[in-house]
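Engineer: In this text, residue positions in the sequence shown follow UniProt numbering: the first is 1, and each later residue adds one.
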Amino acid sequence: PDIALGKSFEAVIEKGRQPVFKDSVTGTWFETYVLKRMESLLGCTEETSRAIYEKCKGSVQLIDNIEFLLEKGVLAETMIKHATILMGKREDLQQKIATLETLQCLRNLNDVIPLCVLKAYQLKKIVSNLNNEQLGPVNTNRIYYFSDITGFAPSEVTEQFARRTFMFRVPKDSFLANLKLFLEHMNREDILADLWAFKYSPGIVAERIARAKEVRGKKLMPWMVRCPDVVLEKSLQLTKDSGALLGENETIVEYFCKRLGFDREVANSIIIKLPSVRNVRITKVKKVIDYLLDELDYKPNDIAVNPRILMHSLQTTKKRMAQLKEIGCRPKSLIIVCKSQRQYDLFVKEWVDSKERKKRIHQYG
């Protein structure tokens, strides 16, 4: 018992006894042994083995499962990437691997290891469905078909499919038709990252793509297929408005030059100072600039010095400007309007207090 409580090599060796790496009462491996053994088996660093151990919540099955998977030819990097599959019972993992090995057209077990995160009964059903389905001129399953046609590694496709298991239930014809449509009009990375659009019928997908393409050209995303109709309409209208403001092929830098009267160097410096301003809708940028220049009589240079105002809520900006006007304050710098609520309230309080002090001094000399 005194050795078992030590839980480290050092404590065991200090006792001057033969090293023991299992608790004699519970039969579980000591943490230090598990970590060192993982480093040896996986060829990884101490930090990596510790991360796996914590991710698996110190599962007593860790070493047994790693040894089993290595025997099956599963690569160390595959186990490190999908470490949570190591925390289950060895019998369950063995059952899952046995099921995966029955997969027809299996090229490499590492390709489908991410599916081990699923329950055994789910995996069995998925493998059965894949084996009963023929895709392409050469018999294959939809994991390899998706991988071959998009250029992604099979394991990457499997990982996403394991997160979105409906991909195994989408009718074959819909799967093939939608994949073709998406590849014709969207980036492959966007397709794999947002698989929900596959749940829609090819007719709806084609109609949505046609509507979006008419306005956005080539910049299409899967969410445009699956979002509510009102959201798509609003997005397309904003795109139209932005196009009307910018004109053909005009950038936000060129818009700054035209609207604020800057040369290209100054306009570029705004973007360098605050790169995220590129992501603000041009329609919002226009409204903020119009408000500051036309209604409040600020100068273009005030905006150039504090470009963050272009990202700030126009509604909040108007509310704060109205409040500042009431207390007789016209801020020289627009930065105060962009501060947090606490910082802004503190500024207002200090301004009012300062004004009161000046008033009393003037009254009493």
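Just so it is clear, CB atoms sit at the ideal spot from N, CA and C, and this is done for glycine as well.
1. Would you decide whether T140 is buried or exposed? Buried here means 16 or more other CB atoms lie within 10 Å of its CB.
2. Could you please give me the residues that DSSP links to T239 through a beta bridge?
3. Helix, strand or coil: which one does DSSP assign to V348?
4. Using the Cβ count rule (16 or more neighbours within 10 Å means buried), how would you classify Y364?
5. On the three-pair Cβ rule with 8 Å, is the stretch 58-67 touching the stretch 95-106?
6. Could you give the DSSP three-state label for L62: helix, strand or coil?
7. Excluding the 5 residues preceding and the 5 following L195 in the sequence, name in chain order all residues of the same chain whose CB lies nearer than 7 Å to its CB.
8. Among L260, A212 and V127, whose alpha-carbon lies nearest the alpha-carbon of L238?
9. Quick check: the Cα distance between N131 and S276, rounded to an integer number of angstroms?
10. For the alpha helix (DSSP H) that C257 lies in, which residues bound it at each end?
11. Ends of the alpha helix (DSSP H) at D302?
12. Using the DSSP secondary-structure output, state which residues sit across from L135 in a beta bridge.
13. DSSP state of V230, grouped into three classes?
14. For my contact list, V288 and L324 are in at a C-beta cut-off of 8 Å; report their separation, rounded to the angstrom.
15. When the distance is taken between beta carbons, is A197 closer than 8 Å to R226?
16. Return the first residue and the last residue of the alpha helix (DSSP H) that D290 is part of.
17. Are the Cβ atoms of L135 and M186 separated by less than 8 Å?
18. Suppose you measure from the CA of E189 to the CA of L106; what does that come to, to the nearest Å?
19. Starting from the Cα of S155, find the closest Cα among E54, L69, L42 and N110 and give me that residue.
20. Use the C-beta contact count for A83: other C-beta atoms within 10 angstroms, 16 or more gives buried, fewer gives exposed.
21. State the Cα-Cα distance for the pair V285 and K125, rounded to the nearest angstrom.
Structural biologist: In short:
1. Here the question's residue 140 lines up with position 140 in the sequence shown. Counting Cβ neighbours within 10 Å, T140 comes out buried, since at least 16 surround it.
2. Mapped onto the sequence shown, residue 239 falls at position 239. Beta-bridge pairing links T239 to no other residue.
3. Here residue 348 refers to the residue found at position 348 when the sequence shown is read from its first residue. Helix at V348.
4. Taking the sequence shown and counting its residues from 1, the one referred to as residue 364 is at position 364. With fewer than 16 Cβ atoms within 10 Å of its Cβ, Y364 is classed as exposed.
5. no
6. Counting from one through the sequence shown, the residue named residue 62 turns up at place 62. If DSSP states are grouped into helix, strand and coil, L62 belongs with the helices.
7. In the sequence shown, counting from the first residue as 1, residue 195 sits at position 195. The residues are Q160, R164 and M167.
8. The residue labelled residue 238 in the question sits at position 238 within the sequence shown. It is A212.
9. Against the sequence shown, residue 131 aligns to sequence position 131. Against the sequence shown, residue 276 aligns to sequence position 276. Whole-angstrom Cα-Cα distance: 48 Å.
10. Along the sequence shown, read from residue 1 onward, the residue named residue 257 stands at position 257. Residues I252 to L260.
11. Within the sequence shown, the letter at position 302 stands for residue 302. Run containing D302: P300 to V305, per the alpha helix (DSSP H) assignment.
12. Along the sequence shown, one-based indexing puts residue 135 at 135. L135 is bridged to T140.
13. Position 230 of the sequence shown, counted from the start, is the residue given in the question as residue 230. It is helical.
14. Residue numbering aside, residue 288 sits at position 288 when the sequence shown is read from its first letter. Residue numbering aside, residue 324 sits at position 324 when the sequence shown is read from its first letter. With a Cβ gap of about 17 Å, V288 and L324 do not count as contacting.
15. Here the question's residue 226 lines up with position 226 in the sequence shown. Here the question's residue 197 lines up with position 197 in the sequence shown. Contact: yes.
16. Residue mapping note: residue 290 aligns to position 290 of the sequence shown, counting from 1. D290 -> alpha helix (DSSP H) spans I282 to D290.
17. As a working note, residue 135 is residue 135 in the sequence shown. As a working note, residue 186 is residue 186 in the sequence shown. Contact flag unset, no.
18. Taking the first residue of the sequence shown as 1, we reach residue 189 at position 189. Taking the first residue of the sequence shown as 1, we reach residue 106 at position 106. Distance between the alpha carbons of E189 and L106: 24 Å.
19. Position 155 of the sequence shown, counted from the first residue, corresponds to residue 155. Out of E54, L69, L42 and N110, N110 has the C-alpha closest to the C-alpha of S155.
20. Numbered from its first residue, the sequence shown carries residue 83 at position 83. Under this definition A83 is a buried residue.
21. For the purposes of this step, residue 285 is identified with residue 285 of the sequence shown, where counting begins at 1. For the purposes of this step, residue 125 is identified with residue 125 of the sequence shown, where counting begins at 1. The alpha-carbon atoms of V285 and K125 are separated by roughly 53 Å.
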